[in-house]
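Residue numbers for the sequence shown follow numbering that gives the first Met the number 0, beginning at 0 and rising by one.
Ideal placement from N, C-alpha and C gives every residue a C-beta, glycine not left out.
Encoded as structure tokens, the structure appears first; notes follow it.
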Amino acid sequence: MQVSTVTTQLASVRLSTKQQSSSSTTSTSVVASTGSAVSDQTTPTTGTATTPTAAPEPEIVDPFCNADTPQIITFQDVTSAAFKIRKGVELTPCVKSHFSDLIDMDIYLKKEFLQFTGSFKERGARYALLMLSEEQKKTGVISASLGNHAQGLSYHGWKLGIPVTVVMPLKASLMKIQKCRNYHANVVVQGADMGEAKRIALKMAHDRGLTYINGYDHPHIMSGQGTIGLEIVEQVSDIDAVVVPVGGGGLIAGVATAIKNLSPNTKIIGVESEKCPSFTRALENRGPIFVPNQETLADGLAVPQVGYNAYATTVPLLDKMVVVKEEWIALAILRLVELEKCVVEGAGAAGLAAILAGHLDEYIGKRVVLLICGGNIDTTMFGKCLERGMAAEGRLQRFTVTVSDGPGGVAKLCNLLASLGVSIKDIMHERAFIRDIHHVEVKVICETRDWEHSKEMRRVLQETYSKVHFYDMPMAISE
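Here it is, written out as structure tokens:
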């Protein structure tokens, strides 16, 4: 898939544009046993009972998220949130990155993954809980989340003594599910994706009298996330651009509101994964639209439809939206580990991925803040990301080579690779399915220093063996 970069002409986008909700028409016909449609006014055959068709159950909507009347947060909303949550969340550092010298860009990292639950989501969650009425606090709250919002809500609900129920889709990280349980939340794992989990949570809220708190489109959530923007402007001066990962849109809505009020000339840039470009499609559609998501390394951004409030708040303040390939996200995770000693999730690495992919080359020599929004990545996914990042960079190579099946044949290959400084990660040999009984096919996965080292290894192997085949990684991004 080719990388698509959307630079929006946002002044022309009208905030009054609303998504048309398709109205469902109740059928007025009964299907007879023959399969033909019969009018509901037709007199039934004697002795045949007709069962009236039950009306479809109306969809339960979030009262705070209305397509026709989106709520746009203000700078005053953000400052009010900052005052209320100041004693309950961390003031995270915003420090100059080692990437500055490598990329010739003055890069700062806002390390929101250092919050107690490992994500910026704590800010909005705490503020939303503090703004509940006493009756709502007593009854409890519910939300649907892929994990980070669920953790923030669960943790601060526990600290504030407010019962919390979270509905998490089946694809949510097991680590995030367990953490919510550790924070004494009632965890319900249902739904194939965020959209389905949200519908389940809204129905539970309706049936049980709970308060539903949308993790990215509730006005208090967006205001709480915006407090990050206040801190960034206070911590770093003369910022040319702030790069914000985008899922449902709540984070960029709040951050943009804060920064554009304090530093109007600072550009706001959003970043999405190619697997879940919900905001990009919303810009093209001039309003939020459902976008089927695919599996992505940035699972925290996998929201099928951006919020109405978040979209309406963000559009007038947004300067650019970028979509990045998955391999760049994997490489960004790897680079953050190696250079910054930071373990972050895919969503948190999205901003750096945009820079590595060359989407922000216009900011070479300028000051850019990357919002590292979360660090909740489970160990299995982390290992996969590191390997994908190495493969994307050309440092993992896979090949098959036919060598002599006599004594020392495989050992000669291993010694040759060792002499080149190549580290063997995995090796296996196959005898049964090759025609020449005097030879064996050896399959190797190995690690090199970089692309140049890989090229040298390939050259030597091709000169030494007549039958050698290299498998080019489909996600390799540099040569």
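Have a look at the options and flag the residue whose alpha-carbon is nearest the alpha-carbon of residue i.
i: Ala-127; options: Ser-465, Glu-440, Gly-223 and Val-342; result: Gly-223
i: Tyr-362; options: Ser-96, Asp-61, Phe-63 and Ile-102; result: Ile-102
i: Val-459; options: Tyr-107, Cys-179 and Val-400; result: Val-400
i: Leu-550; options: Arg-448, Glu-337, Val-235 and Asn-375; result: In the structure as shown, the chain begins at 0 and stops at 478. Residue 550 is therefore absent and cannot be evaluated.
i: Gly-500; options: Val-302, Ala-356, His-452 and Val-186; result: Outside the shown range of the chain, which is 0 to 478, sits residue 500, and nothing can be said about it.
i: Pro-168; options: Leu-159, Phe-74, Tyr-154 and Val-187; result: Val-187
i: Thr-226; options: Leu-370, Ile-161 and Val-140; result: Leu-370
i: Asp-206; options: Val-140, Tyr-154 and Asp-237; result: Val-140
i: Phe-82; options: Glu-230, Thr-164, Tyr-215 and Gln-293; result: Glu-230
i: Tyr-154; options: Met-203, Gly-87 and His-217; result: Gly-87
i: Gln-293; options: Ala-255, Lys-170 and Asp-404; result: Lys-170
i: Cys-64; options: Trp-157, Val-94, Lys-158 and Ala-309; result: Ala-309
i: Lys-110; options: Ser-132, Glu-58, Gly-405 and Gly-373; result: Gly-373
i: Asp-425; options: Leu-419, Phe-398 and Gly-407; result: Phe-398
i: Glu-121; options: Tyr-215, His-97, Pro-162 and Val-60; result: Tyr-215
i: His-358; options: Cys-445, Val-322 and Tyr-307; result: Val-322
i: Cys-413; options: Lys-259, Leu-355, Val-443 and Lys-340; result: Val-443
i: Leu-145; options: Gln-177, Pro-69, Leu-419 and Lys-137; result: Gln-177
i: His-438; options: Ser-422, Glu-455, Gly-407 and Ile-71; result: Gly-407
i: Gly-420; options: Gly-388, Val-441, Met-427 and Lys-454; result: Lys-454
i: Val-402; options: Glu-429, Gly-388, Arg-285 and Ile-238; result: Glu-429
i: Pro-303; options: Met-320, Cys-275 and Thr-295; result: Cys-275
i: Lys-466; options: Val-242, Gly-306 and Glu-440; result: Glu-440
i: Gln-70; options: Glu-446, Lys-340, Gly-306 and Arg-334; result: Gly-306
Since residue i is in the beta strand (DSSP E), which residue starts that stretch and which ends it?
i: Cys-445; result: 438–446
i: Ile-199; result: Counting along the chain, Ile-199 falls outside any beta strand (DSSP E), though it belongs to the alpha helix (DSSP H) covering 193–207.
i: Gly-269; result: 266–272
i: Cys-93; result: 93–95
i: Ala-309; result: Counting along the chain, Ala-309 falls outside any beta strand (DSSP E), though it belongs to the alpha helix (DSSP H) covering 307–313.
i: Thr-164; result: 163–167
i: Ala-240; result: 240–244
i: Val-321; result: 319–323
Would you mind sorting residue i into buried or exposed? The rule is 16 or more other CB atoms within 10 Å of its CB.
i: Phe-112; result: buried
i: Thr-6; result: Interpretation of Thr-6 is limited by its pLDDT of 49, a score under 50 that renders its predicted location unreliable; the figure taken from the coordinates is listed afterwards. When all chains shown are included, Thr-6 counts as exposed.
i: Phe-289; result: exposed
i: His-219; result: buried
i: Gln-114; result: buried
i: Thr-463; result: exposed
i: Val-30; result: Bear in mind that a pLDDT of 32 at Val-30, under 50, signals an unreliable position, so the number given afterwards is only what the model happens to contain. Its Cβ having fewer than 16 others within 10 Å, Val-30 is exposed.
i: Gly-405; result: exposed
i: Gln-40; result: Annotation note: pLDDT 42 at Gln-40 (below 50); position unreliable, coordinate value reported separately. Its Cβ having fewer than 16 others within 10 Å, Gln-40 is exposed.
i: Lys-175; result: buried
i: Ala-410; result: exposed
i: Asn-264; result: exposed
i: Thr-164; result: buried
i: Lys-259; result: buried
i: Ser-236; result: exposed
i: Asn-375; result: buried
i: Ser-96; result: buried
i: Thr-91; result: buried
i: Asn-147; result: buried
i: Asp-76; result: buried
i: Thr-210; result: buried
i: Tyr-470; result: exposed
i: His-217; result: buried
i: Glu-233; result: exposed
i: Pro-62; result: exposed
Could you tell me which residues DSSP pairs with residue i in its beta bridges?
i: Leu-395; result: Glu-446
i: Arg-366; result: Asp-105
i: His-468; result: Thr-399
i: Asp-425; result: Ile-444
i: Ala-184; result: Partner(s): none; Ala-184 has no beta bridge.
i: Ala-329; result: In DSSP, Ala-329 forms no bridge with anything.
i: Thr-210; result: Val-140
i: Ile-371; result: Lys-110
i: Ser-497; result: Not covered by the structure: residue 497. The range shown for the chain is 0 to 478.
Assuming residue i is part of the alpha helix (DSSP H), what are its boundary residues?
i: Arg-85; result: Counting along the chain, Arg-85 falls outside any alpha helix (DSSP H), and DSSP gives it neither H nor E.
i: Ser-132; result: Per DSSP, Ser-132 belongs to no alpha helix (DSSP H) and is neither H nor E.
i: Val-219; result: Checking the displayed sequence, the identity of residue 219 turns out to be His instead of Val. First-last of the alpha helix (DSSP H) with His-219: 218–234.
i: Ile-258; result: 249–261
i: Lys-158; result: 147–159
i: Val-409; result: 408–418
i: Arg-280; result: 277–284
i: Ala-346; result: Neither: Ala-346 is in no alpha helix (DSSP H) and is coded neither H nor E.
Cβ contact check for the stretch 307–321 and the stretch 269–288: 3 or more pairs under 8 Å: yes
Cβ pair count under 8 Å reaching 3, the stretch 187–202 against the stretch 317–329: no
Three or more C-beta pairs below 8 Å linking the stretch 273–283 and the stretch 185–195: no
Segment contact, 8 Å Cβ cut-off, at least three pairs: the stretch 335–344 with the stretch 374–389: yes
Cβ contact check for the stretch 245–258 and the stretch 89–106: 3 or more pairs under 8 Å: no
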